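Have a look at the structure below, then the notes.
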Amino acid sequence: NAGVTQTPKFQVLKTGQSMTLQCAQDMNHEYMSWYRQDPGMGLRLIHYSVGAGITDQGEVPNGYNVSRSTTEDFPLRLLSAAPSQTSVYFCASSETGTSYGYTFGSGTRLTVV
Amino acid sequence: LAKTTQPISMDSYEGQEVNITCSHNNIATNDYITWYQQFPSQGPRFIIQGYKTKVTNEVASLFIPADRKSSTLSLPRVSLSDTAVYYCLSGGYKLSFGAGTTVTVRA
């Protein structure tokens, strides 16, 4: 049981480049979310999904796109990377959608230069 | 997003009990209070959840008064490995983590 798998673990981008952060879960969870964590700060919600085909914005959605074509996958796309997007990105999934029992991935550390 | 307030940091020594109090004045009637733990370079990990009164598991206890406007996470007999950031949350699937409480345990 792999849980929540994020790839890549590390990435360096140049300003203006685009890329997709991958997130996959094998627990058949309906709820999935993307967070970013800046140094010394808590996690901020970027986008979330309550099921395949359904996504919505969180606190800090600008500059990011998501889609949810399958239950398992929830990729996060950076459209045109900016230095302000340098952060650690976490993907999480939950069966119930309540604050209980979210499983987090190990994170992707992104640096935009 | 549901908002909570907790201390920025706490220091302790091995073997002591650590109590972290979280304020959630605007908690909704149906919301649970949940605590997560995060070690450096890792994602948060669920610790405990409660609705009212007291909940205890193998890791911690959670005390919630009748008015539910605050809660206290209690970590008994902490060790160096309990050094982490602890987050108090309320609400549903749109989790709001805040800055958390950095607990540092010293030998």
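Chains as they are written, first to last, in our numbering: chain L, 440 to 552; chain R, 10 to 116.
For glycine and all other residues, C-beta sits at the position ideal for the given N, C-alpha and C.
Treat the numbers as computed from the prediction; the structure is a model and nothing was measured.
- Shown here, Q461/L sits in a strand according to DSSP, grouped into three states.
- The alpha carbon of T459/L has as its nearest neighbour, out of I493/L, E498/L, G502/L and V443/L, the alpha carbon of G502/L.
- For F55/R, the enclosing beta strand (DSSP E) stretches over residues R54 to G59.
- Looking at the DSSP output, G490/L sits in a beta bridge with I493/L.
- For K12/R, the closest Cβ of chain L is not nearer than 8 Å.
- Nearest Cα to S472/L within the set Y528/L, L549/L, P522/L and R548/L: Y528/L.
- By the criterion of a C-beta distance shorter than 8 Å, T509/L is surrounded in its chain by A491, once the five residues flanking it on both sides are discounted.
- For V489/L and L515/L, the gap between their C-alpha atoms comes out near 15 Å.
- Residues of chain R whose Cβ lies closer than 7 Å to the Cβ of G540/L are, in chain order, F55.
- Think of a sphere of 8 Å around the beta carbon of M466/L: no beta carbon from chain R falls inside it, the nearest being about 14 Å out.
- Three or more pairs of CB atoms, one per stretch, sit closer than 8 Å, so the region 10-23 of chain R contacts the region 98-107 of chain R.
- Scanning chain L for C-beta atoms nearer than 7 Å to the C-beta of G59/R yields nothing, as the closest lies near 10 Å away.
- The alpha carbon of V551/L has as its nearest neighbour, out of K453/L, I485/L and S532/L, the alpha carbon of K453/L.
- Of the candidates I29/R, Q25/R and E23/R, I29/R places its Cα closest to the Cα of T111/R.
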